[in-house]
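Structure, as structure tokens:
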Amino acid sequence: MQPRPPPDPERRNPDLVEQDGVSEGIEALPNRISRYSKAKKTAIDIAEYIGRLPAGQLPPTTLNRLQSCGDYLIFRHFFTVDEVKLHAARLCKQHLLCPLCAIRRGAKALKAYLDRWEVIQAQKPALRPFLVTLTVKVGPDLLERFRHLHAAQRELWKRKHRQYQCALHGVAGAVWSYEVKRGSGSGLWHPHLHMIALAESMPDQQDLAREWHAITGDSYIVDVRPIDQVDPVRGFVEVFKYAVKFSDQSHADTVHAFLTLRGKRLLASAGCFRGVVVPESLCDDHTALDGLPYVDLFYRYMPGGYTLT
Ligand SMILES: [Zn+2]
Numbered sequence: 235m236q237p238r239p240p241p242d243p244e245r246r247n248p249d250l251v252e253q254d255g256v257s258e259g260i261e262a263l264p265n266r267i268s269r270y271s272k273a274k275k276t277a278i279d280i281a282e283y284i285g286r287l288p289a290g291q292l293p294p295t296t297l298n299r300l301q302s303c304g305d306y307l308i309f310r311h312f313f314t315v316d317e318v319k320l321h322a323a324r325l326c327k328q329h330l331l332c333p334l335c336a337i338r339r340g341a342k343a344l345k346a347y348l349d350r351w352e353v354i355q356a357q358k359p360a361l362r363p364f365l366v367t368l369t370v371k372v373g374p375d376l377l378e379r380f381r382h383l384h385a386a387q388r389e390l391w392k393r394k395h396r397q398y399q400c401a402l403h404g405v406a407g408a409v410w411s412y413e414v415k416r417g418s419g420s421g422l423w424h425p426h427l428h429m430i431a432l433a434e435s436m437p438d439q440q441d442l443a444r445e446w447h448a449i450t451g452d453s454y455i456v457d458v459r460p461i462d463q464v465d466p467v468r469g470f471v472e473v474f475k476y477a478v479k480f481s482d483q484s485h486a487d488t489v490h491a492f493l494t495l496r497g498k499r500l501l502a503s504a505g506c507f508r509g510v511v512v513p514e515s516l517c518d519d520h521t522a523l524d525g526l527p528y529v530d531l532f533y534r535y536m537p538g539g540y541t542l543t
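Position one of the sequence shown corresponds to residue 235 (the working numbering), numbered consecutively onward.
As structure tokens, then:
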């Protein structure tokens, strides 16, 4: 059975990541704190679930880091320009297990690629961004399905380099990320990938579906749509949101996805999107504001959420 095509990204609320990269004034801070509180609460729930598992399923450091992730957050408010930056925090960087780190990782990658897109746009004004989604048929074995998707994507790019006729022929650059979840009807694993493809004209969805089926042998569901050039964030955020959706899956699935996919590269790029560096730190970079006066706001996580101390 084939999964249904992915829902219209414009109608699906891409929630946390988008807001994290965009609103930076003090008036946006309460919402930001409330998003982080929710994420931290879920991280604690996941840590409690892991704590109840038989010993040895996960390394002890994984649990310790998850438990203490984001215990405190220090925001720096540069009040003369009204910009709030996450200045310091101890974060676990386990984005497949920790919703807080997933938000931060997404926001950092979003910003890095939006910055690059601005530069590319100035250099090659004829290029436009398109959102391409490639899916594989659902299956019971996550690792097997993920490898299938990964190998098919590699083959697609090999074809692009070899053949004039490839459906991605006109694509000058792309960045893509892998996402895994269970299919809503089947309950089976449904890995897929979202890609921003830069081209002068929209890749043909029919051609791409045909080629994707020829490569995968079992899957033809693809989706191609333009990204709004005036406000590209909504399109870009599809690619830089979570690799897993914590709120939609059981903690058991979260742990399984973590154990299956950890260490794998889930974000990749090609062509003129190649070489974008996503900073290691999950805090905000505020070097451009250094020298301006600021106030530090220290938040500690309490059972009810983050509290200013
Ligand atoms: Zn974390």
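Glycine included, C-beta positions come from ideal geometry on N, C-alpha and C. Please read all numbers here as calculations on a predicted model, not as lab measurements.
The alpha helix (DSSP H) enclosing R269, as first and last residue numbers: L263 to R286
CA-to-CA distance, D316 to H424, given in whole angstroms: 43 Å
P466 in three-state terms, based on DSSP: coil
Ligand 1 heavy atom lying under 7 Å from the CB of G419: no
Span separating the alpha-carbon of D487 from that of L422: 11 Å
Sheet register partners of L307 (DSSP bridge): A323 and Y533
Neighbourhood of L330 by C-beta distance below 7 Å, restricted to the same chain and skipping five residues each side: A477, V478, A491, F492, L495 and R496
Through-space distance from V370 to I455, alpha-carbon basis: 7 Å
Backbone CA spacing between G259 and V318 [nearest angstrom]: 6 Å
Option in P363, Y306 and D349 with minimal Cα separation from Y535: Y306
Burial state of G509, where buried means 16 or more other Cβ atoms lie within 10 Å: exposed
At least 3 beta-carbon pairs within less than 8 Å: the region 520–534 vs the region 343–350: no
Residues of its chain near S302, where Cβ-Cβ distance is below 7 Å and the 5 sequence neighbours each way are ignored: R324
Exposure label - P264; buried when at least 16 CB within 10 Å: exposed
Beta-carbon separation (whole angstroms), F364 vs A448, contact threshold 8 Å: Wrong, their Cβ atoms sit about 21 Å apart, outside the cutoff.
Of the listed residues K475, H426 and V467, nearest to D457 (C-alpha basis): H426
Integer Cβ distance of F312 from H321, believed to fall under 8 Å: Their Cβ separation, rounded to whole angstroms, is 10 Å, which puts F312 and H321 out of contact at 8 Å.
Residue(s) in a DSSP beta bridge with H403: Bridge partners of H403: none, in fact.
Residue burial classification, G290 (beta-carbon count within 10 angstroms, cutoff 16): exposed
Separation of G539 from D249, as counted between CA atoms: Summary for D249: the model assigns pLDDT 45, below 50, so the residue's position carries little reliability, and this model does not support an answer.
Residue(s) in a DSSP beta bridge with T541: R534
Every unbroken alpha helix (DSSP H) within the region 361–449, with a cutoff of 4 residues, ordered by chain: 376–396
Within 8 Å, strictly: CB atoms of I337 and Y533: no
Enclosing alpha helix (DSSP H) for D457 [first to last residue]: It is not in any alpha helix (DSSP H) - D457 instead sits in the beta strand (DSSP E) that spans V456 to P460.
Reference P460, options C332, V471 and S435, closest by Cα: S435
Inter-stretch contact at 8 Å, needing at least 3 Cβ pairs: the region 405–424 / the region 498–508: yes
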